Amino acid sequence: MAVLPIYSCFHPLLKKPTTEVKEINDEIKKLVDDMFESMYKADGIGLAANQVGISKSLIVIDINASKDKKHDEPPVTMINPVIEEFSEEEVEYQEGCLSVPKFYEDIERPKLIQIKYYDLDMNEHVREADDLLSRVMQHEVDHLRGIIFTERMSPIKRSLAKSKLKKIQKGLVIPNYPMIGKDGNLLKLKE
Ligand code: ZN
Numbered sequence: 056m057a058v059l060p061i062y063s064c065f066h067p068l069l070k071k072p073t074t075e076v077k078e079i080n081d082e083i084k085k086l087v088d089d090m091f092e093s094m095y096k097a098d099g100i101g102l103a104a105n106q107v108g109i110s111k112s113l114i115v116i117d118i119n120a121s122k123d124k125k126h127d128e129p130p131v132t133m134i135n136p137v138i139e140e141f142s143e144e145e146v147e148y149q150e151g152c153l154s155v156p157k158f159y160e161d162i163e164r165p166k167l168i169q170i171k172y173y174d175l176d177m178n179e180h181v182r183e184a185d186d187l188l189s190r191v192m193q194h195e196v197d198h199l200r201g202i203i204f205t206e207r208m209s210p211i212k213r214s215l216a217k218s219k220l221k222k223i224q225k226g227l228v229i230p231n232y233p234m235i236g237k238d239g240n241l242l243k244l245k246e
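So the mapping is simple: my numbering equals the position in the sequence shown, first residue as 1, plus 55.
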């Protein structure tokens with residue numbers, strides 16, 4: 056297994072919709088292992104394949120890796136996930152993203168979803184998700200469609216966050232895990 060660098064939200068690859076996974080081969084299995092390792096290393100609870108530079112429809116989630124350990128959900132790998140239904144009820148929750156280092160904002164999203172996906176044996180699953188799990192799935196499926204959570208902020212919040220986001224865009228915010236900046240270079244602290 057290997058820790059892969061995580062792409063900044065300003066890298067063009069993260070703006071591009073991913074393509075479907077057609078077959079599960081050793082390359083995909085290794086990618087999944089590496090994605091879990093990279094996610095844990097960065098203290099994340101969800102990661103999409105395009106965040107590590109692979110533009111495929113694949114996400115990994117482990118909400119138990121979150122700081123408050125009150126969840127009882129096993130880690131999950133989701134191939135070609137599609138959200139089929141959203142509840143009308145929306146809730147606000149603070150989100151962060153490994154591709155948007157050290158930036159957190161409250162985002163409103165549907166509370167409940169129904170999601171269809173395939174596992175690593177290409178078995179189809181349809182399940183409902185609520186609360187944090189629903190939140191993370193919506194955030195990660197957004198990534199696969201080229202959408203960053205900051206695009207879901209209200210216009211006011213977005214204009215207030217402008218200078219912070221500008222710093223991230225310029226590669227001046229360095230997380231404690233390896234990160235690829237908007238031009239494809241590994242970010243380093245300036246000496
Ligand atoms: Zn994210």
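Yeah, the Cβ is synthetic: ideal placement off N, Cα and C, and Gly gets one too. Since the structure is predicted, the reported quantities are computational estimates derived from the model, not experimental observations.
- Residue pairing by DSSP places Gln149 opposite Asp161 in a beta bridge.
- For Glu140, the closest C-alpha among the options Gly99, Val58, Asp185 is that of Asp185.
- The beta carbons of Val181 and Lys171 sit closer together than 8 Å.
- A Cβ-Cβ contact shorter than 8 Å links Asp161 with Tyr148.
- Check the Cα spacing between Val131 and each of Cys152, Ile168, Tyr159, Tyr173: the tightest is with Tyr173.
- The C-beta separation of Asn119 from His198 comes to about 20 Å, leaving the pair out of contact by the 8 Å criterion.
- The ligand ZN has a heavy atom closer than 7 Å to the beta-carbon of Phe204.
- In this structure, the alpha-carbon of Gln193 lies about 21 Å from that of Glu92.
- From the listed residues Lys243, Glu150, Ile168, the smallest Cα separation to Glu206 is found for Glu150.
- Short of 6 Å from the beta carbon of Pro230, and not among the five residues preceding or following it, lie these beta carbons of its own chain, in chain order: Pro156.
- If you draw a straight line from the Cα of Ser218 to the Cα of Asn80, it comes to about 43 Å.
- Taking C-alpha positions only, Arg213 is separated from Thr73 by approximately 25 Å.
- Counting the other CB atoms within 10 Å of its CB gives Met56 a total below 16, which places it among the exposed residues.
- In the three-state scheme derived from DSSP, where H, G and I count as helix and E and B as strand, Phe204 is classed as helix.
- Distance between Asp117 and Cys152, taken at the CA atoms: about 14 Å.
- The Cβ atoms of Lys71 and Ser110 sit closer than 8 Å to each other.
- For Ser154, the CB falls within less than 7 Å of some heavy atom of the ligand ZN.
- Shown here, Lys70 sits in a helix according to DSSP, grouped into three states.
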